[in-house]
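Residue 2 is where the sequence shown starts when you use the numbering used here, and the numbers rise one by one after that.
In this text, a Cβ means the ideal position worked out from N, Cα and C, and glycines have one as well.
Keep in mind that this is a model prediction, so the values were computed, not measured.
In what follows, a structure is listed as structure tokens, so that the remarks can point back to it.
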Amino acid sequence: MRRMQHGTRNCVFTLALCLLASSPVLAEEASVMVLEGTTAAPYDNGDFTVFDPTRRDPTRLEEWKKTAEPDDRVPLEVHLEAQGVIAQAPIGSDARFRVEIPVDRPRTASFAVYNAMAPGGGVWGPVTMGNNFILEPGRLELRMIRSDYSVITGGSYNDAVFNSWRLTDEYEAAQSAYQQLRTPVEGETEESQRNRWDRMQEAQNRVLQIETQGRTDVALTHPDPLVRRLVVESA
């Protein structure tokens with residue numbers, strides 16, 4: 002797992018050095034992105050939250066720390082502001098949400114679900130890994146398959162950067178195999194469990210291999226320089 006992650010990171014750094022300096026950031030007329038969709042258990046309740054990395058502002062957190070006691074926990078609103086939250090909407094009883102966000106140009110963003118309640122009354126921690134997408138004008142639909150695996154359709158840049166490989170039969174089959182091995186088997190022995198975990202690790206590595214190859218192909222071959230830039234930034 003670590004070896005695969007390091008390989009992905011090295012690929013991204015190499016592409017960034019080659020492409021970021023030469024790829025323009027194209028401004029667009031200010032418009033609106035409407036993002037709606039469904040989340041998956043256990044994140045089928047709470048607040049759907051969107052982050053823009055260019056809006057991160059640590060000053061609010063620094064100001065809070067000046068008056069906080071050593072054991073004080075950072076208030077959620079301070080944390081969100083420091084991380085660049087740009088939209089938040091409650092998730093309904095049908096697991097659906099809807100947000101509207103002004104967009105002046107396509108750029109990378111991410112999402113997470115906050116305040117999702119567990120059956121026992123606790124609160125699930127947010128998951129952000131794997132939840133990158135492209136903030137762009139238009140109507141987009143999100144389908145959360147797993148907390149770290151979602152598909153967003155309806156946006157041309159999301160299609161180019163992510164769906165060109167994420168919606169392939171190969172990737173969907175790899176994710177399905179990984180998910181199946183993640184599921185505990187009733188009555189399995191300790192040896193069977195270890196064997197399943199080994200195969201689960203192999204399946205996860207296969208998912209990462211397809212992601213890496215998909216991003217690399219887009220970054221090196223797509224004719225639109227903004228798409229090439231966005232795929233590097235989103236990685």
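Item	Value
Would you call Val33 buried or exposed, if buried means 16 or more other Cβ atoms sit within 10 Å of its Cβ?	exposed
Just to confirm my understanding: we take Val26, look at its own chain, exclude 5 residues before and 5 after, and list those with CB closer than 6 Å. What are they?	Note that Val26 scores a pLDDT of 42, beneath 50, so its modelled location is shaky and nothing firm can be said.
By DSSP, does Ser32 sit in helix, in strand, or in coil?	strand
Would you check if there are 3 or more beta carbon pairs closer than 8 Å linking the stretch 71-90 to the stretch 197-213?	no
Assuming Gln176 and Val208 are in contact, meaning their beta carbons sit under 8 Å apart, how far apart are those beta carbons, in whole angstroms?	6 Å
Looking at the secondary structure, which residues open and close the beta strand (DSSP E) in which Pro107 lies?	Counting along the chain, Pro107 falls outside any beta strand (DSSP E), and DSSP gives it neither H nor E.
Please list, in chain order, all residues of the same chain as Val232 whose beta carbon is under 7 Å from its beta carbon, the five residues on each side excluded.	Val162, Arg216, Val219 and Ala220
Which stretch, first to last residue, makes up the alpha helix (DSSP H) that contains Pro226?	Pro226 to Ser235
Start and end of the alpha helix (DSSP H) containing Glu192?	Glu191 to Thr222
Quickly, what does DSSP pair Gln176 with across the bridge? List them, please.	For Gln176, which the question treats as bridged, DSSP gives no partner whatsoever.
Quick one: what's got a C-beta closer than 7 Å to Ala83's C-beta in the same chain, skipping five residues either side?	Arg57, Asp58, Pro59, Arg61 and Leu62
Out of Val114, Thr68, Asp95 and Glu137, point me to the one whose CA is closest to Asp149's CA.	Val114
Taking 8 Å as the limit between beta carbons, can you name the residues of its chain near Asp225, skipping five residues before and five after?	Ala161
When the Cα of Glu37 is compared with those of Trp125, Val186, Glu173 and Phe98, which residue comes out closest?	Phe98
Could you name the residues that DSSP lists as bridge partners for Asp48?	Pro91 and Tyr115
Using the beta-carbon count (16 or more within 10 Å), is Leu168 buried or exposed?	exposed
Please state the DSSP three-state secondary structure of Ala61.	One point to set straight first is that residue 61 is Arg, not Ala, in the sequence displayed. Reduced to three states, the DSSP call for Arg61 is helix.
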